[in-house]
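In the order they appear, the protein sequences are chains F and P. Per our numbering, residue 1 is the first one in the first sequence, and the count goes up by one each step. Per our numbering, residue 365 is the first one in the second sequence, and the count goes up by one each step. A short worksheet on the structure shown next.
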Amino acid sequence: MASITFKNVVKTYDNGVTVVPDLNLEIKDKEFIVLVGPSGCGKSTTLRMIAGLEDVSSGELIIGDKVVNTVPPKDRDIAMVFQSYALYPHMTVRDNMAFALKLRKEPQEEIDKKVNEAAKILELEKYLDRKPKALSGGQRQRVALGRAMVRKPAVFLLDEPLSNLDAKLRTEMRSQIAALHKRLETTFVYVTHDQTEAMTMGDRIVVMKDGFVQQFDTPQNLYNYPCNMFVAGFIGSPQMNFLNVTVEKAAEGQVLVFGDSRISVNKPELEAYIGKEVVMGVRPEDIHANSAAHVGEPAEYTAFINHMEMMGSENYLYLDAYGQKMLARIPARYEFSEDTTVTLAIDTGKIHVFDKETTNIICH
Amino acid sequence: MKKAKEKRSNAIWSVILGILSILYMYPIVMILFNSLKDERAISTNTAFQLPTAETFAGLANYVNAINAQGFLKSLGYSLFITVTSVAAILLFCAMCSWYITRVKTKFAQGLYFLFAFSMVVPFQMVMFTLSQTADMLDLNTPWNIWVIYLGFGAGLAVFMFAGFMKSIPLEVEEASMIDGCNPIQTFFMIVMPMLKPTMVSVGILEAMWVWNDYLLPTLVLDIKKYRTIPMLIQYFRGSYGRVEMGPMMACIMLTVIPIVIVYLAGQKHIIKGVAAGAVKG
Ligand SMILES: Nc1ncnc2c1ncn2[C@@H]1O[C@H](COP(=O)(O)OP(=O)(O)O)[C@@H](O)[C@H]1O
Ligand SMILES: [Mg+2]
Chain F
1 MASITFKNVV KTYDNGVTVV PDLNLEIKDK EFIVLVGPSG CGKSTTLRMI
51 AGLEDVSSGE LIIGDKVVNT VPPKDRDIAM VFQSYALYPH MTVRDNMAFA
101 LKLRKEPQEE IDKKVNEAAK ILELEKYLDR KPKALSGGQR QRVALGRAMV
151 RKPAVFLLDE PLSNLDAKLR TEMRSQIAAL HKRLETTFVY VTHDQTEAMT
201 MGDRIVVMKD GFVQQFDTPQ NLYNYPCNMF VAGFIGSPQM NFLNVTVEKA
251 AEGQVLVFGD SRISVNKPEL EAYIGKEVVM GVRPEDIHAN SAAHVGEPAE
301 YTAFINHMEM MGSENYLYLD AYGQKMLARI PARYEFSEDT TVTLAIDTGK
351 IHVFDKETTN IICH
Chain P
365 MKKAKEKRSN AIWSVILGIL SILYMYPIVM ILFNSLKDER AISTNTAFQL
415 PTAETFAGLA NYVNAINAQG FLKSLGYSLF ITVTSVAAIL LFCAMCSWYI
465 TRVKTKFAQG LYFLFAFSMV VPFQMVMFTL SQTADMLDLN TPWNIWVIYL
515 GFGAGLAVFM FAGFMKSIPL EVEEASMIDG CNPIQTFFMI VMPMLKPTMV
565 SVGILEAMWV WNDYLLPTLV LDIKKYRTIP MLIQYFRGSY GRVEMGPMMA
615 CIMLTVIPIV IVYLAGQKHI IKGVAAGAVK G
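Rendered as structure tokens:
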């Protein structure tokens, strides 16, 4: 029920460190937005500014149609789930969830109804009279979600809510939170450093680095059209390969010279780079064992297999190609062995070319 | 092999600590025995004898002590002073520690050092000026002497509260602010309940001190009008030069008993509270 807008927002902490230098962001109503980036890049700071737990040093923060720079947290109509859950240790699960409603002086029947409903959705009915310390990590997590849920806030803020759970539970909670978003129909802002969480949950993803927004787009677009080497490397697992290649002029279009391999492309953007070195980005899944099943022209090259990891359905090949390291994901039906030289094919329809100096994208 | 060695060292420790505790307990036990003895049987060379059939006085000394002029009144004063002082110390010091741990300014930091420093200053150094100041400010009645106790008790209390408070995650308080609390509500509904173990231990330590304190009330209160129990014990001795040893011993026992009960009841919390402040702080 509320959009969130950052207009030239700056955050400088008391110690003089500017963590967020200039943030411009428009989050639409009912969107599930994920803030993702390496640890220390200012995700939590950004989220805490929305919550009102940190002051905005300058610029405007707008929730709905109201500038909230000086509005205290309790009047922002938001709810927040913390990484440490931050449950009230001296209260039962029921009281934890009812606390905000009691403060609002809602009638008791109303409170009971809402708490029971949330408990039912989150499968917490059996634990309503327990204290948080008698619950497992996953249950505490759900209580934290419940506490936020019962208030029906306009904005739901979550700061790395799954990072204290084990891998299996994390996957489970991921879909629970996504389901919760559908059910509640409110704006979600979700912070994580895990690109898998970001890709699977977000309607749109904000990729941050050093306080700057690198790219703000849908998961598909981030994957297919990364705007610089940082986003390209951060999104997707295993990471994209970055290879140094030289651009040469060809009769038609250009050629990327990669060792003995010459990859033909035809991109007007590359004309300015003739004779220069650029970085070619290729995802491990866009390297194939033979020349069939390609979007673009296959470009063959030879490489030495240093090491191989069997993942079951596919193998990860750690390669040395013309002195540069790269990784390929090849279906397990192709039989390769370590310490041999093989010929592989890059899908030229899926390569990205980056400027070596600015690390920005030249063309896809 | 290792077990046996451990067992032996345990036994040695038990013996050493046992002897120590007897040494500590001995004076109190002696007072207990003497409080049950006839007045004439309490003298320098008979004090160490156990009560015998001849010298056993039953509870006569206790009856005398309670009936003595002003005992109940003194008990009232002592109780009132202890309760008000401890309540004030708990409330104000908990609030103050919250401020000190959560507000990261130079002022708060300086305040904390000031409190810690106040624990180091010996009482004797300030007692002269104190009694003057107390008179000047009219803080010389049992009804408001708690203000002075608050001052002297604050050092230890703030130190312990702040030590424990540092271990409470800030996020719990932030969650309460988002849930709709103003700072006062956050303090009373979230912070205070979480502080409970430390509250109990600080409360008991301060209560024992205030209840037993002799010097401060003697300096500040008008001895003719108001006598706390420790002052009264002194008085048993002083009146008309006669020493009423029996009732005095009984009175000492009566003073010790409540504090022992309070301590036993809260013992578990004291250890927990002190350990929490020490380890996590
Ligand atoms: N209260 C604070 N005072 C000073 N610096 C802080 C404070 N909180 C965070 N920082 C700094 O701001 C940077 C970003 O922190 P944060 O937003 O928590 O990053 P993230 O959540 O992305 O890991 C970090 O370098 C951190 O050290
Ligand atoms: Mg963070």
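Positions of the beta carbon are idealized from the N, C-alpha and C atoms, including for glycine.
Exercise. Can you tell which of F:E335, F:D339, F:A332 has the C-alpha that lies nearest to the C-alpha of F:L319?
Worked result: F:D339
Exercise. Is there a Cβ from chain F that is less than 8 Å from the Cβ of P:K644?
Worked result: Because the pLDDT of P:K644 is 35, which lies under 50, any placement of that residue in the model is unreliable, and the number read from its coordinates should be weighed accordingly. Not an interface residue.
For this session: Identify which residue in F:K114, F:G233, F:A86 has its Cα closest to the Cα of P:V555.
Result: F:A86
Problem set entry | Endpoints, the beta strand (DSSP E) within which F:C363 is located | 361 to 363
Exercise. Within the 8 Å Cβ cut-off, does P:M563 reach chain F?
Worked result: no
Exercise. Any C-beta of chain F sitting closer than 8 Å to the C-beta of P:G567?
Worked result: no
Problem set entry | Residue range of the unbroken beta strand (DSSP E) whose run includes F:S58 | 58 to 63
Problem set entry | Any non-hydrogen atom of ligand 1 within 7 Å of F:G40 CB | yes
Exercise. Straight-line CA distance for P:G422 to P:Y441?
Worked result: 28 Å
For this session: Classify P:T505 as helix, strand or coil using the three-state DSSP reduction.
Result: coil
Exercise. For the candidate residues F:I305, F:H288, F:A51, F:T343, whose alpha-carbon lies nearest to that of F:R329?
Worked result: F:H288
Problem set entry | Listed by chain order, chain F residues near P:A451 by CB distance under 7 Å | Those do not exist, as P:A451 stays about 21 Å from chain F at its closest Cβ, beyond 7 Å.
For this session: May I ask you to list, following chain order, the residues of the stretch 95 to 113 of chain F that have a beta carbon less than 8 Å from some beta carbon of chain P?
Result: F99, A100, L103, R104
Exercise. Can P:T469 be considered in contact with ligand 1, in the sense that its beta carbon sits closer than 7 Å to one or more heavy atoms?
Worked result: no
For this session: Consult DSSP for F:L25 and reduce its assignment to one of helix, strand or coil.
Result: strand
For this session: On the DSSP bridge assignment, give the partners of F:R262 in chain order.
Result: F:V257
Problem set entry | P:A642 to F:D14 span [Cα, whole Å] | At P:A642, the pLDDT of 43 sits below 50, so the modelled position is not reliable; the number obtained from the coordinates is stated separately. One C-alpha to the other measures close to 29 Å.
Exercise. Is F:G323 helix, strand or coil by DSSP?
Worked result: coil
Exercise. Is the stretch 387 to 396 of chain P touching the stretch 250 to 268 of chain F in the sense that three or more CB pairs, one from each, lie closer than 8 Å?
Worked result: no
For this session: Determine the DSSP secondary structure at P:H633, reduced to helix, strand or coil.
Result: helix
Exercise. Got a sec? Which residues, its chain only, sit under 6 Å from P:H633 by beta carbon, not counting five neighbours each side?
Worked result: P561, V564, S565
For this session: With F:H352 as the anchor, note down where its beta strand (DSSP E) starts and where it stops.
Result: 352 to 354
Problem set entry | Residue closest to P:I512, alpha-carbon to alpha-carbon, out of P:V490, P:L475, P:G630, P:S373 | P:V490
Exercise. Taking 7 Å as the cut-off, does the CB of F:E160 come closer than this to any heavy atom belonging to ligand 2?
Worked result: yes
Exercise. Whole alpha helix (DSSP H) runs in the stretch 102 to 158 of chain F with 4 or more residues, listed along the chain?
Worked result: 108 to 121, 137 to 149
Problem set entry | F:L317 (DSSP reduced to helix, strand or coil) | strand
Exercise. From the beta carbon of P:A571, is the nearest beta carbon of chain F less than 8 Å away?
Worked result: no
For this session: With a 10 Å radius around its C-beta and 16 neighbouring C-beta atoms as the bar for buried, classify P:T592 as buried or exposed.
Result: buried
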